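Inspection log for the structure reproduced underneath, given as structure tokens.
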Amino acid sequence: MADYSTPPVRRSRWPLFVMPGLLVLLGIGWSGFWFYASGQVGAQFDQWRAREAQAGRVYNCGKLGVGGYPFRFEVTCDNANVELISQTASRKLGKAELNQILAVAQIYSPQRLIAEFTSPLTLTQEGEQQALILSWKESQASVYGLPQSPQRASFVMDDPVLERSAGAVRTPFGRAKHIELHGRIAEGSVADNPVLDVAWQLVQASADALHPVLGEAFDMTTQARLRGLKDFRPKPWPERFREIQAADGRIEVVQSRLQQGTLLAVATGSLGISPQGFLDGELQMTVAGLDKIVPALGLDKILEQGVPQATLDQLAPGLKAEQVDRAMGALDKMIPGLGNLVRQKAPAALQAGIGMLGQKTELEGRPAQSFPLRFSEGAVFLGPIRFAQSPALF
């Protein structure tokens with residue numbers, strides 16, 4: 008009997024090798040693309056570093072590492088230091104040192120650069136024995152755009168603590184729970200009259216070393232707009248502020264809100280810059296919890312017996328201790344004991360006087376007073392009372 012069974016068909020094995028082969032080819036292709044793209048991104052890093060150097064911030068690395076394959080490009084700068092050149096009007100900033108800077112760019116989005124900073128940062132000045140030490144939990148900066156035409160930038164920091172160090176002794180200077188700073192070009196372009204929008208936020212911040220009013224923790228949010236820049240080429244900020252002053256530019260405070268305990272204050276207005284580099288102008292300020300203003304500013308302490316000049320310099324720059332004592336002594340000569348009586352009643356009278364400077368209104372459903380906050384050559388006035396001095400911008 009004949010055998011009519013179909014002989015077995017021999018299947019080709021080449022499809023078994025197709026998928027692995029394709030994966031190998033894809034890996035080779037992606038690796039080639041990564042190395043090509045990483046070269047482009049690496050050039051961007053170098054250009055950003057050059058831009059920062061032109062702006063007076065020169066970055067140096069003890070050890071430089073490159074990685075991030077396969078989906079991003081990373082540059083690690085260990086034992087980093089930054090030379091700060093002409094960053095403030097006093098030009099006293101020297102060198103900042105920190106453990107590590109990690110800069111990251113995604114291969115598919117090289118225009119967005121993210122940098123992470125490892126705590127702490129030590130700021131020293133040439134010839135100075137003291138240093139400022141800033142520590143934090145997390146810190147990150149980001150910038151979008153090409154080095155030749157940046158569009159926006161952001162900076163965030165969690166749990167920063169600033170201390171002044173003299174040898175092994177550290178003195179608290181300031182702290183916060185959270186800090187944010189954002190900036191973008193709102194009008195114009197990098198090369199032609201840019202207008203900058205700037206916003207910042209402080210959460211549970213305090214800085215008693217700057218002024219007693221900042222001793223209690225406060226929250227603050229501010230939106231501002233800078234007009235008067237010729238361009239946004241890399242340069243130190245004192246030069247930019249000088250440009251704004253020469254162009255009769257303005258720092259427009261769109262909205263500023265501060266809350267400290269039961270004290271709530273908002274402010275809007277426009278500030279210019281004097282030829283000497285100080286803030287000039289006026290903000291319209293609305294305050295709820297006015298009874299906190301006098302003790303918060305330390306104005307009640309000014310009227311206490313025997314206020315040292317150092318305290319007055321901190322609480323009310325320009326006011327002399329002998330002026331206060333002379334005025335109280337004159338009252339005692341007129342009527343014995345009148346000087347001490349005035350001292351006791353003065354804080355309440357001063358509070359009432361501040362209340363009379365403005366108009367009654369409401370703020371977030373609370374009774375409030377609205378009055379001007381005036382800046383003149385950097386001195387800050389609440390009505391006729393000078394209580395602070397802002398630094399020169401150039």
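Residue numbering for the sequence shown follows my numbering, starting at 8 and increasing by one per position.
A virtual CB, placed ideally from N, CA and C, is assigned to each residue, including glycine.
Remember, it's a predicted structure, so these values are computed and weren't measured experimentally.
I need the DSSP call for K299, collapsed to helix, strand or coil.
helix
Alpha-carbon to alpha-carbon, S97 and V260:
25 angstroms
Give the DSSP-derived three-state secondary structure of F239 in the structure shown.
coil
Based on the DSSP output, what are the partners of G72 in its beta bridges?
T83
In whole angstroms, what separates the C-alpha of K242 from that of Q366?
43 angstroms
Report back the beta-carbon spacing between H218 and A206 to the nearest angstrom; my notes put them in contact at under 8 angstroms.
Actually they are not in contact, since the Cβ atoms of H218 and A206 sit about 23 angstroms apart, beyond 8 angstroms.
Among the candidates Q132, Q51, V294, A173, whose CA atom is the shortest distance from the CA of A274?
V294
Here's the rule: buried if 16 or more other CB atoms are within 10 angstroms of the residue's CB, otherwise exposed. What is L400?
buried
Excluding the 5 residues preceding and the 5 following G152 in the sequence, name in chain order all residues of the same chain whose CB lies nearer than 8 angstroms to its CB.
Q118, Q158, R159
Comparing C-alpha positions only, which one of G372, L370, Q396, R373 sits nearest to L380?
Q396
Helix, strand or coil for R64 per DSSP?
strand
Residues that P379 bridges to, as DSSP identifies them
Q291
For L286, is the classification buried or exposed, using 16 other Cβ atoms within 10 angstroms of its Cβ as the cut-off for buried?
buried
Assuming V202 and D238 are in contact, meaning their beta carbons sit under 8 angstroms apart, how far apart are those beta carbons, in whole angstroms?
Actually they do not touch by this definition, with Cβ atoms about 12 angstroms apart.
Which residue or residues does DSSP assign as beta-bridge partners of L139?
L130, R171
Decide yes or no for the touch test of the region 247 to 263 against the region 48 to 66: beta carbon pairs closer than 8 angstroms, at least 3 of them.
no
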